[in-house]
């Protein structure tokens with residue numbers, strides 16, 4: 215090979231290495247979201263079905279996140295380099311050691327997003343954030359979807375970046391949330407006529423709770439921030455459209471801090 219060809223080959227190799235380094239550096243600057251899939255989740259980001267979360271994952275990617283999954287225990291090691299932790303649709307309880315790791319993650323400035331399918335797997339973690347869920351799903355009398363009391367639109371939003379510009383949110387089997395902390399605030403709530411069937415008799419009576427219930431709470435924990443939704447269906451593929459899609463876009467921006 216002539217000297218000229220060698221120089222051309224070396225220059226091409228140098229440019230290739232530079233482009234690879236630029237790509238690596240760009241990835242290093244991207245925030246990383248980890249979807250927990252180690253607690254019995256049935257609705258996953260890799261799947262395209264109606265109840266899956268691939269569209270939510272795409273929202274994070276479109277916002278510039280690196281997206282990864284966690285299929286084991288949540289530890290300090292698994293949280294290294296993670297900016298946002300999403301726990302959606304857990305069926306297996308987060309254990310005490312994992313709770314401590316998540317709280318340390320928040321202490322360091324991380325962002326946490328919880329979406330409930332059933333409350334009990336996250337009860338321990340939420341209690342540390344002083345957020346508590348109802349023991350029954352919310353039933354509505356107003357803004358029903360397909361005339362089903364468990365399916366309804368939320369139209370009462372409190373001022374928050376997540377709910378900015380949102381007129382309604384479709385809920386499909388949600389749990390009421392309350393916060394016992396000045397750091398956690400309800401940002402979306404039902405009508406005053408919503409109720410919970412406390413005695414499980416299938417009809418509304420004086421033994422049941424009836425009031426406006428919170429369905430989303432956002433707050434801070436030391437340097438970190440969290441948001442908890444009383445329904446994971448809001449962000450499932452089949453329901454992540456129109457108003458819920460706008461909510462999802464707001465969510466991924468807020469979790470990034472933008």
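Residue numbers (our numbering): 215 to 472. Cβ coordinates follow ideal geometry from the N, Cα and C atoms, glycine included. Just so it is clear, the structure is predicted and the values come from calculations on it, not from any experiment.
Nearest-angstrom beta carbon gap, residue j and residue i [assumed within contact, 8 Å]
i           : j           : result
residue 447 : residue 387 : 6 Å
residue 430 : residue 442 : 7 Å
residue 385 : residue 445 : 5 Å
residue 424 : residue 409 : 4 Å
residue 325 : residue 297 : 6 Å
Cβ-based neighbour list, residue i, same chain, cut-off 7 Å, excluding 5 preceding and 5 following
i           : result
residue 244 : 278, 279 and 280
residue 258 : 251, 266 and 267
residue 492 : Residue coverage of the chain in this structure runs from 215 to 472, which leaves residue 492 outside it and unanswerable.
Span separating the alpha-carbon of residue i from that of residue j
i           : j           : result
residue 348 : residue 368 : 17 Å
residue 253 : residue 332 : 12 Å
residue 358 : residue 427 : 15 Å
residue 352 : residue 338 : 21 Å
residue 466 : residue 273 : 7 Å
residue 438 : residue 322 : 7 Å
residue 248 : residue 354 : 33 Å
residue 356 : residue 346 : 24 Å
residue 282 : residue 311 : 22 Å
residue 240 : residue 469 : Here the model assigns residue 240 a pLDDT of 46, short of 50, so the residue's position is not dependable and the matter cannot be decided.
residue 449 : residue 415 : 30 Å
residue 313 : residue 271 : 24 Å
residue 488 : residue 393 : Only positions 215 to 472 of the chain appear in this structure, which leaves residue 488 out of reach.
residue 382 : residue 389 : 17 Å
residue 508 : residue 327 : With the chain covering only 215 through 472, there is no way to say anything about residue 508.
residue 412 : residue 453 : 27 Å
Sequence-distant residues of the same chain with beta carbon closer than 6 Å to residue i, five excluded per side
i           : result
residue 370 : 403
residue 397 : 433 and 434
residue 406 : 426
residue 285 : 251 and 252
Cβ-based neighbour list, residue i, same chain, cut-off 8 Å, excluding 5 preceding and 5 following
i           : result
residue 262 : 268 and 451
residue 464 : 375, 376, 377, 378, 379 and 380
residue 308 : 253, 288, 301, 316, 335, 336, 338 and 339
Residue range of the unbroken alpha helix (DSSP H) whose run includes residue i
i           : result
residue 318 : 310-321
residue 271 : 268-276
residue 342 : 337-342
residue 459 : 456-470
The beta strand (DSSP E) enclosing residue i, as first and last residue numbers
i           : result
residue 349 : 345-353
residue 435 : 428-435
residue 399 : 398-403
Whole runs of the alpha helix (DSSP H) within the stretch 283-309, excluding any shorter than 4 residues: none
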